[in-house]
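J.:
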Amino acid sequence: MPDAILVTGGAGYIGSHACKALAGAGYLPVAYDNLSRGHRELVRWGPLEEGDLADGRRLAEVLRAHRPAAVLHFAAFIAVGESVREPLLYYRNNVGGALSLLRAMEETGVGTIVFSSTAAVYGDPERVPLTEEDPRRPVNPYGRGKRLIEELLEDQAAARGLRYASLRYFNAAGADPDGETGERHDPETHLIPLVLRAAQRRGAPLTLFGDDYDTPDGTCIRDYIHVSDLAQAHVLAVRSLLAGRPSGAFNLGSGEGYSVREVIEACRRVTGEAIPVTVGPRREGDPPRLVADPSRARQQLGWRPALSDLDTIVRTAWTWCKREAGDARS
Ligand code: UFG
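The sequence shown finishes on residue 315 if you use my numbering, and the numbering steps up by one all the way, no holes.
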């Protein structure tokens, strides 16, 4: 019997890619998802256990039934703007959910967790690239909640010997190169899928949020990392923790920054379509630059992103986007 791994949010974007990577590495991914923002069809590599993170009894029941070697914890709300408008929703769902999960893990004796953290814990950094030692000064409720969960893990590690990895994703993008899963957010707020929809004339032209930043072309710089590379990092983090190597935080980015205009140009090049763009005001809370120094993940986990050049990210996202548009028409 393969080792089971519980994947909260296994029906979501990054969670479903992680399930595929786990299955490829010989684990049995057990998705735990309430399907409020996830999709049943994306659970393809192991069983789906429907349930809410807030439901501690259900969580404990699922943990006892599957006896997972570890938990990958993705389930969370992810929209920064929404977190500013609805802070209680974000603290309750994200922080409350993590608390409930940690309690159920303690109750059932599951002592290893890989947590989906974010570059948003760094806020508006003074310099890039960012190392894990840079200060965590998040600037919105989403990022503050993620920092709080990181701190919860640190406290629980000190008190009870929990083994954890906090994986700080930069900009997750792209889709499974085999086309078996991809990004399906509603509403979609992320740059690359919105640019591709604009290329398909599905939805509005892209609004570029500000071109007067202090960057070479005036638009914000981000570090885009392929979702399948992120998924692979989770497999490596689980293996590392189960082998008894130390807990800690890891930046997951490519180390390369691209401006919004460079992303739009990559989308034009890959799709061969003109991209209708209008320039709008800045979006509140967007730092001008976020770029990772991913050396720690490379050195301690042996992580080597293989699909994270911008054209591969856009090409895989485009294949998925065309399929989704086809599904929407049929
Ligand atoms: N952008 C636009 N127009 C759009 C959408 C985005 O110009 O319609 C710009 C944004 O201003 C930003 C860049 O494209 O400069 C990337 O924006 P995304 O919304 O795709 O991603 P973010 O960098 O805002 O957010 C991502 C994750 C969050 C996470 C954050 C960490 O989606 O979950 O990184 O900083 F919190």
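Every residue gets a Cβ at the ideal spot worked out from N, C-alpha and C, and that includes glycine.
Enumerate in chain order the residues of its own chain whose CB-to-CB distance from Ile(-10) is below 8 Å, with the five nearest sequence positions on each side excluded.
T.: Sequence index remark: in the sequence shown, residue -10 carries index 5 (1-based). Closer than 8 Å at Cβ, skipping near neighbours: Leu7, Tyr12, Leu13, Pro14, Val15, Pro53, Ala54, Ala55, Val56, Leu57 and Val223.
J.: Considering only residues of the same chain and omitting the five flanking positions on each side of Gly130, which have a CB-CB separation below 6 Å?
T.: If you number the sequence shown from 1, residue 130 lands on position 145. Cβ within range, chain order: Tyr75, Tyr76, Asn79 and Val80.
J.: Within this structure, are the beta carbons of Leu193 and Val248 separated by less than 8 Å?
T.: The residue you call residue 193 lines up with position 208 of the sequence shown. The residue you call residue 248 lines up with position 263 of the sequence shown. Cβ atoms of Leu193 and Val248: not closer than 8 Å.
J.: Taking the straight line between their C-alpha atoms, what separation do you get for Thr304 and Asp161?
T.: Taking the first residue of the sequence shown as 1, we reach residue 304 at position 319. Taking the first residue of the sequence shown as 1, we reach residue 161 at position 176. For Thr304 and Asp161, the distance between alpha carbons rounds to 10 Å.
J.: How far does the alpha helix (DSSP H) with Glu247 in it reach, from first residue to last?
T.: Within the sequence shown, numbered from 1, the residue matching residue 247 stands at position 262. Run containing Glu247: Val245 to Thr256, per the alpha helix (DSSP H) assignment.
J.: Where does Ser315 sit, in a helix, a strand or coil, going by DSSP?
T.: For this step, residue 315 is matched to residue 330 along the sequence shown. For Ser315, the predicted model reports a pLDDT of 45, less than 50, meaning its position is unreliable and no value from the coordinates is stated.
J.: Pick from Glu269, Gln284 and Thr301: whose alpha carbon is nearest that of Arg70?
T.: Reading the sequence shown from its first residue, position 85 is the one you call residue 70. It is Glu269 whose Cα lies nearest to the Cα of Arg70.
J.: By DSSP, does Ile206 sit in helix, in strand, or in coil?
T.: Counting from 1 along the sequence shown, the entry for residue 206 is found at position 221. Three-state result, Ile206: strand.
J.: In or out: Pro231 buried (at least 16 other Cβ within 10 Å) or exposed?
T.: In the sequence shown, counting from the first residue as 1, residue 231 sits at position 246. So Pro231 counts as exposed.
J.: Flag this pair as yes or no: are the beta carbons of Gly9 and Phe59 separated by less than 8 Å?
T.: Position 24 of the sequence shown holds residue 9. Position 74 of the sequence shown holds residue 59. Not in contact: Gly9 and Phe59 (Cβ atoms no closer than 8 Å).
J.: What would DSSP say about Arg148, mapped onto helix, strand or coil?
T.: Along the sequence shown, one-based indexing puts residue 148 at 163. In this structure, Arg148 counts as strand in the three-state DSSP scheme.
J.: Let me check you understand the geometry: is the CB of Ile(-1) closer than 7 Å to at least one non-hydrogen atom of the ligand UFG?
T.: Looking up residue -1 in the sequence shown gives position 14. Every heavy atom of the ligand UFG is 7 Å or more from the Cβ of Ile(-1), so no.
J.: Compute the minimum distance between the beta carbon of His175 and the heavy atoms of the ligand UFG, and state whether it is under 7 Å.
T.: As a working mapping, residue 175 is identified with position 190 in the sequence shown. Because some heavy atom of the ligand UFG lies under 7 Å away, the Cβ of His175 counts as near it: yes.
J.: For Leu84, which of Glu117, Gly188 and Asp40 has the nearest alpha-carbon?
T.: For the purposes of this step, residue 84 is taken as the residue at position 99 of the sequence shown. Ranking the options by Cα distance to Leu84, first place goes to Asp40.
J.: What's the C-alpha gap between Arg132 and Val124?
T.: Position 147 of the sequence shown, counted from the first residue, corresponds to residue 132. Position 139 of the sequence shown, counted from the first residue, corresponds to residue 124. Distance between the alpha carbons of Arg132 and Val124: 11 Å.
J.: Specify whether the stretch 87 to 98 and the stretch 17 to 26 touch according to this definition: at least 3 beta carbon pairs, one from each stretch, less than 8 Å apart.
T.: As far as the Cβ criterion goes, the stretch 87 to 98 does not touch the stretch 17 to 26, which means the pair count is below three.
J.: Do Tyr107 and Leu115 have their C-beta atoms closer together than 8 Å?
T.: By 1-based counting over the sequence shown, the position of residue 107 is 122. By 1-based counting over the sequence shown, the position of residue 115 is 130. Cβ atoms of Tyr107 and Leu115: closer than 8 Å.
J.: Use the C-beta contact count for Pro279: other C-beta atoms within 10 angstroms, 16 or more gives buried, fewer gives exposed.
T.: Residue numbering aside, residue 279 sits at position 294 when the sequence shown is read from its first letter. Pro279 should be labelled buried.
J.: What does DSSP give as the partner residues of Ser102 in its beta bridges?
T.: Counting from 1 along the sequence shown, the entry for residue 102 is found at position 117. DSSP lists Arg153 as partners of Ser102.
J.: What does Thr97 pair with, by DSSP beta-bridge criteria?
T.: In the sequence shown, residue 97 corresponds to position 112, counting from 1. Per DSSP, Arg148.
J.: Compare the Cα-Cα distances from Asp296 to each of Ala218, Leu181 and His170 and report the closest residue.
T.: In the sequence shown, the residue the question calls residue 296 occupies position 311. That would be Leu181, whose Cα lies nearest to the Cα of Asp296.
J.: Please classify Gly82 as buried or exposed, where buried requires at least 16 neighbouring CB atoms within 10 angstroms.
T.: The residue given as residue 82 occupies position 97 in the sequence shown. Buried, by the Cβ-count rule.
J.: What runs of the alpha helix (DSSP H), each 4 residues or longer, lie entirely inside the stretch 17 to 60?
T.: List check, alpha helix (DSSP H) in window: 41 to 51.
J.: Is Ala104 near Ala277, with beta carbons less than 8 Å apart?
T.: Along the sequence shown, one-based indexing puts residue 104 at 119. Along the sequence shown, one-based indexing puts residue 277 at 292. Contact flag set, yes.
J.: Apply the 10 Å Cβ neighbour rule to Glu111 and answer buried if 16 or more other Cβ atoms are within range, or exposed otherwise.
T.: Looking up residue 111 in the sequence shown gives position 126. Exposed is the call here.
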